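See structure below.
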Amino acid sequence: MSAEERRAGLFDELRLPRRWCSPRAYAVGLALLVAAGLALGATRIGRGTVGNALDSLGRAQPGWLAFAAASFALGLLCSAGAWRAGLATCGGRAGFTEVSARYAVGSLVNALAPAHLGGAVRIGLLAQTLDGKDRLWRTGGVGTFVAAARTLVLAALIVVAAFWSRIPLWPAPIMAGAAICGVVLCFRLGGRAAGRLGSLLQVFRAFGGSPLKALRLSGWIGLAFVARLAAAAAIAAALGVPRPLWVAVVLVTTMALAGLLPLTPGNFGAGAGAATLALHGSGIGLGTSLATGVAFQAVETFAGATLGLAGAATLASPASPLRRWSMAMAGAGCVLLAAALGIMTSDLV
């Protein structure tokens, strides 16, 4: 079987039911989301709040926004490092650049499509870096361990945010307990399972024999959260929000919780709304809270999409139109960002 046939078969497994992918279904869903957003804005936010938010965004300091974009990109690269550490335990020999490129393409898909479809794309692309059978199942096992590590870090972040804001504490023990129980169960079943289940649990068997490798993967996940916290603090500083470190903890926690069920591309709108409520409930003005949430999602989406375009250009063959268009769009995005920051610095807006 050729490499092209293997890839086609792989993505056939990831294909969604045809009725879920029809243009009419996407159009209806998007229309409902837009209508709901307009209704929420008209009844809850108000014209004055939106005006205050736009005014806050207009006064944002461009240097801090550029730092936030770089921090978001660094966080994505740290997450890619965690995947590379997990894939290496399953026999993967791909370098950091290749794994990062494939992971970044998933970020690009998430910026354009709802429901974490980028996660399925990531698994499909990263599975191609493994040899042997059941590549998709083994990659899914790595994704399971990565998700468990992220859940534990998020649970710890919820505990910290609950002491500084009105974010409820009860999700933390539930999430931590579910993640720990799931990991323990996978470790116990890993040595006895066979077939596809055994392939799924291969990473847990490998980590059971080498806890240091598991700590290394978890360390990459921790660094990814630190990078997101730095980005959130930079956005708060750019908008002149007081106590930027405190705001960063609340903002990252809220966005992570809202992202558990993304309904829109990049979870745009839902995440910003949740962040607005959380920050406003903690004593920050409603307009400033809205501006902070919107800026966080906008900069994160820009960083993920730009890195994803660069990843697509890296994976494409040198002479393919995909590589040329990806490089051109990534370059254009960087130029537009630089121009916007320059205009803001010159006080022309």
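Each residue of the sequence shown is one higher than the one before, starting from 0 at the first, in numbering that gives the first Met the number 0. Every residue, glycine too, gets a C-beta built ideally from N, C-alpha and C. Computed from a predicted model, the values in this text were never measured in an experiment.
Integer-rounded CB distance, given that G310 should sit under 8 angstroms from S99 = About 7 angstroms separates the beta carbons of S99 and G310, which is inside the 8 angstroms limit, making them a contact pair.
Element boundaries [alpha helix (DSSP H), containing L153] | R134 to W163
Do you know offhand how far G176's Cα is from G282's?
-> If I take the Cα positions, the gap works out to 31 angstroms.
Confirm, please, whether the CB-CB distance from A237 to Q60 is below 9 angstroms.
-> yes
Using CA coordinates, which residue listed in A126, R204, L285 and S164 is at the minimum distance from R92?
-> A126
Mind checking which residues open and close the alpha helix (DSSP H) that includes A177?
-> P170 to G189
At a cut of 8 angstroms, does the stretch 163-181 reach the stretch 225-241 through at least three beta carbon pairs?
-> Pairwise C-beta distances place the stretch 163-181 out of contact with the stretch 225-241, as fewer than three of them are shorter than 8 angstroms.
Can you round the beta-carbon distance between G105 and G118 to whole angstroms, since I take them to be within the 8 angstroms contact cut?
-> 6 angstroms
Backbone secondary structure at C77 - three-state DSSP = C77 falls in the helix class under three-state DSSP.
Specify the secondary structure class of Q296 as computed by DSSP and reduced to three states.
-> helix
Euclidean distance between Cα positions of L289 and G239 | 13 angstroms
Per-residue burial, D130 [other beta carbons within 10 Å of its own, 16 or more giving buried] = exposed
Taking the alpha-carbon positions, what's the L276 to P243 distance?
-> 17 angstroms
Can you tell me the Cα-Cα spacing of T138 and R101, whole angstroms?
-> Answer to the nearest angstrom: the Cα atoms are 13 angstroms apart.
Closest to L306 by CA distance: which of G272, A65, L73 and V202 is it?
-> L73
Closest to A406 by CA distance: which of I220, R215 and M254 is it?
-> Beyond the ends of the chain as shown, which are 0 and 348, falls residue 406; an answer cannot be given.
Close Cβ partners of L39 (< 8 angstroms) along its chain, the five nearest in sequence each way excluded = Residue placement at L39 is flagged as unreliable, the pLDDT there being 44, under the threshold of 50; a coordinate-derived value is accordingly withheld.
Exposed unless 16 or more other CB atoms sit within 10 angstroms - verdict on I173 | exposed
Contact belief for C77 with W219 at Cβ below 8 angstroms, rounded distance in angstroms = 5 angstroms
Assigned secondary structure, L116 (DSSP; H/G/I helix, E/B strand, else coil) | Looking at L116 - three-state DSSP - the assignment turns out to be helix.
Nearest-angstrom Cα distance between E299 and A68?
-> 7 angstroms
Where does V209 fall in DSSP's three states?
-> A quick correction: the sequence has Ser, not Val, at residue 209. Coil at S209, not helix or strand.
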